[in-house]
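Remarks on the structure that follows.
In the numbering used here, the protein residues as written are 1 to 179.
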C-alpha cells in the first residue's frame, strides 16, 4: 500500500511538472495532429516563398529585357503597350509625318519645317521621358518583389525554428512524463 501511494504521488508530481513545462514552453498540442499542422503551415509558407522567388525572377527578367530594348533605342513591348506610351508614339509619328511633308513641299530650311522638327524632337523627348518613368516603375516592382521574397523567406526560417523548438520541447516533455 505504501508503494502504491509513493508511486501515485510520484505520478502526480510528474504530471504537475509536465503541465508546468507545457505552460512555460507554450506547448498547446503534443500529438501528431499538432505537429502535422505546424508542418503544413511551414509547407504553405515555403510554397509562398517559392512563388515569391519566381515572381522576383520574372520581374528581374522583365526589367533586364526592358533595359536592353531601351539601350538599343527601342521601346520595350510591355511598355509600348501602355496607353500613354501609345499616345506619345502616335504623337511622335504624326510630328515626323508633318515634318517630312513640309520638308518635301518647302525645303528643309523653311521656318515651318524647322518648327515641325522642333515639335518632333519635343514629342520624342516626352516619349523617352515616359519610357524612363516606366523603366523606373518596373525597377520598383523588382524591389517590391525582393521585399516580399525576403519577408517570406524570413517567415520560412521562423517557422522552421519554431517547429524545431516545438519538437525539442515535446521531447523534453516526453522525458518528464516518462519519469
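Here a beta-carbon is modelled for each residue, glycine too, at the ideal position from N, C-alpha and C.
query                                                                                                                                                                   : result
Using beta-carbon positions only, say whether residue 166 and residue 38 come within less than 8 Å of one another.                                                      : yes
Which first and last residues belong to the alpha helix (DSSP H) in which residue 83 is found?                                                                          : 83-106
Tell me, to the nearest whole angstrom, how far the beta carbon of residue 66 is from that of residue 135; I am working on the premise that it is less than 8 Å.        : 6 Å
Starting from residue 75, follow the alpha helix (DSSP H) in both directions and report where the run begins and ends.                                                  : Segment: none, residue 75 is in no alpha helix (DSSP H) and carries neither H nor E.
Residue 16 to residue 9, Cα distance in whole Å?                                                                                                                        : 10 Å
Please report how far the alpha carbon of residue 30 lies from the alpha carbon of residue 151, in whole angstroms.                                                     : With a pLDDT of 46 at residue 30, under the threshold of 50, the predicted position of this residue should be treated as unreliable, though the coordinate-derived value follows. Cα-Cα distance, rounded: 29 Å.
Can you tell me the Cβ-Cβ gap for residue 91 and residue 123, rounded? I've got them flagged as a contact below 8 Å.                                                    : 5 Å
By the three-class DSSP mapping on this structure, what secondary structure does residue 1 have?                                                                        : coil
Output needed for residue 113: all residues of its chain with C-beta closer than 8 Å, excluding positions within five of it in sequence on either side, in chain order. : 99, 102, 103, 106 and 107
Have a look at 59, 36, 71 and 46 and flag the residue whose alpha-carbon is nearest the alpha-carbon of residue 138.                                                    : 59
According to the neighbour-count rule (16 or more other Cβ atoms, all chains shown, within 10 Å of its Cβ), is residue 86 buried or exposed?                            : exposed
Between residue 181 and residue 53, what straight-line distance do the alpha-carbon atoms span, to the nearest angstrom?                                                : With the chain represented from 1 up to 179, any question about residue 181 goes unanswered, as that position is not in the structure.
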